[in-house]
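Quick note on our numbering: the sequence shown kicks off at 174 and runs consecutively.
Where a beta carbon is used, it is the ideal one built from N, C-alpha and C, also for glycine.
Since we're looking at a predicted model, the values are computed, not measured.
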Amino acid sequence: MSLLEIKNLQKTFSTKPDLLARGLESIGLKTNTLPAVQAVRDVSFRVEKGEVLGLIGESGCGKSTIARMIAGITPATAGEIIFDGQNILDQSSKQAQTAALDIQMVFQDAAAAMNPRYKIRDIIAEAPLFHGRMKSSEVNDRVAEILEAVSLSPDFADRYPHQLSGGQRQRIGIARALAMKPRLMICDESVAALDVSIQAQVINLFMDLREKFGLTYIFISHDLSVVRHISDRVAIMYLGEVVETATKQEIFLNPAHPYTRALIEQNPSIKNRQREHQPIEGEVPSPLKPPSGCYFHPRCRSVLASCSVQHPALQTISGTHQVACHLYNAIESYS
Ligand code: SF4
C-alpha cells in the first residue's frame, strides 16, 4: 500500500462578486454569474513510503493548491486523499483526523507563520502540545532534541524569530514540522528564498532527516535543478493537471511531454549546452478560460491537428512513465 494516494482530486475556487454586484444582488437585481477557477482538475498520483516526489510546474499550475489540500489547509472540491489507508478528507473519522496530523508542511516563508512575540521554544512546541503529541513536562528536552536535529544549538530555544537569519528561520520552520512527528513532509518552495549556499545546506538537511526519521517528501519547486537533486520520482503539472510522471532519470534523460522538454531546455543549469536556449513561447493561459483540447497546444512546438480539439488523457508509455500527449497516440496508431 502506498503511503499516500491522491484520487481524482479537484479544487474549484469561486470568484467573489464585486461590491457593485453585491449591491445589485441585495436589491434583488440579477448580475452575471462569475466563472469559477478550476485550480486543480482531476489529479491522481501515489507516493510510496520513504520516497521523494518532486512536483514541478510554472507559477499558477496548481501545485501549491494540491499541497495545501493534502496538508488540510485548503478544502478539496472533489476526490480522495488516502493517507496510510485513511481518506483524510473524511474528517468525521477519528482515524482520518489522526492520520492527517502525520502530514506537515514547510513553507517558503517560514517567518510568516511564526508569532514574532513567541520564543522559538513556544513556536516549536505550540502545535504538538495542542494536539497531544508532546507533554508540557517534556517541552524543554524535546525542543532541544529537535533543534539539534536541524543543526541548531539548543540555545536557540530562548531566541525570537527576528534574532535569526533567513537560513536559521527556515530550520525553525522544519523543526516546527518535525515536532509533530510527521511521516509525510510537504515542502512548498522551501528553499526558494534562500541564498544558493544556504539552499544546499537545507537540501542536505532534508535528506539527512529522511534517513534519520524515515520521512517521505513531496518537494514542490519551480527549480528543476533542486528537484533533480532531491527527488526519486517527478510529476510535471500544467494548468491544474499532471501531464507527465516518471522516475527522475526518465524525466531528465528521456522527457516525453513537449512541456517537460521545454522546461528542461529552459533551465540554464541543466540544459544540454549543444542546444540553443529556447524559452517556452507564450504565457500560461488563464485557468478561467483554458484553451480547447490540450491546454498546452497554443505553446506547443509539436502541435498536431487533433491537439486543439481533443484533450489528452494521462497514459502509460513504459513502466511507470505516464504522459498526457497525443504524440503517443499517433505513434501507437501508426505502429
Ligand atoms: Fe503538444 Fe499536442 Fe502533445 Fe499537447 S497533445 S503537448 S499540443 S503534441
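- The beta carbons of Ile-403 and Gly-227 sit closer together than 8 Å.
- In the DSSP annotation of this structure, the continuous segment of the alpha helix (DSSP H) that includes Ser-370 starts and ends at 369-386.
- DSSP, reduced to helix, strand and coil, places Ala-429 outside both helices and strands of the structure shown, so it counts as coil.
- Straight through space, the alpha carbons of Val-400 and Leu-382 are spaced by roughly 17 Å.
- Unbroken alpha helix (DSSP H) runs of no fewer than 4 residues, entirely contained in the region 272-327, are found at 293-303 and 312-322, following chain order.
- Look at the region 223-251 and you find these whole runs of beta strand (DSSP E), each 3 residues long or longer: 225-229.
- Under DSSP, Thr-418 shares a beta bridge with Ala-408 and Gln-495.
- Annotated as proximal: Ala-240 and Ile-359, with beta-carbon spacing under 8 Å.
- Per the coordinates, the alpha-carbon of Ile-490 lies some 15 Å from the alpha-carbon of Val-415.
- Every residue whose Cβ sits closer than 5 Å to any heavy atom of ligand 1 is listed here in chain order: Pro-431, Cys-467, Phe-469, His-470, Cys-473, Ser-475, Val-476, Cys-480, Pro-485, Cys-498, His-499 and Leu-500.
- Judged by pairs of C-beta atoms under 8 Å, the region 412-427 does not touch the region 373-390, as fewer than three such pairs exist.
- Around the Cβ of Pro-289, a 10 Å sphere holds fewer than 16 other Cβ atoms; the residue is exposed.
- Looking at Pro-471, Thr-185, Gly-466 and Cys-467, the one whose alpha-carbon comes closest to that of Gly-455 is Pro-471.
- Annotated as proximal: Lys-180 and Glu-253, with beta-carbon spacing under 8 Å.
- DSSP places Gln-264 in no beta strand (DSSP E); its state is neither H nor E.
- When secondary structure is reduced to three states using DSSP, Ala-366 falls in the coil class, being assigned neither helix nor strand.
- The criterion of a C-beta distance shorter than 8 Å is satisfied by Ala-249 and Leu-182.
- In terms of Cβ geometry, Arg-434 and Leu-388 do not form a close pair [threshold 8 Å].
- Where Leu-397 is concerned, the enclosing alpha helix (DSSP H) starts and stops at 397-403.
- Taking 8 Å as the cut-off, the Cβ atoms of Leu-397 and Leu-436 count as close.
- Ile-424 and Asp-405 have their C-alpha atoms spaced approximately 10 Å apart.
- In the DSSP assignment, Ile-391 forms a beta bridge with Leu-226 and Ile-359.
- Relative to Ala-317, the option among Glu-438, Ser-265, Arg-349 and Met-287 whose CA is nearest is Arg-349.
- Between Leu-367 and Gly-346, the CB-CB gap reaches or exceeds 8 Å.
- Ala-209 counts as exposed, since fewer than 16 other C-beta atoms from the protein chains shown sit within 10 angstroms of its C-beta.
- The three-state secondary structure of Ile-424, taken from DSSP, is helix.
- Among the bridge pairs identified by DSSP, Val-220 is matched with Leu-177.
- If the five residues before and after Cys-480 are omitted, its C-beta is found closer than 6 Å to the C-beta atoms of Gly-466, Cys-467, His-470 and His-499, all from its own chain and listed in chain order.
- When the Cα atoms are used, Asp-263 and Ala-300 turn out to be separated by approximately 21 Å.
- In the same chain as Val-216, and ignoring 5 residues on each side of it, the C-beta atoms closer than 7 Å to its own belong to Ile-179, Leu-182, Ile-239, Glu-414 and Val-415, in chain order.
- Thr-493 and Arg-315 have their C-alpha atoms some 41 Å from each other.
- The beta carbon of Asn-440 sits closer than 7 Å to those of Leu-397 and Ser-398, all from its chain and outside the five residues before and after it, given in chain order.
- Per the DSSP secondary-structure output, Glu-253 pairs in a beta bridge with Lys-180.
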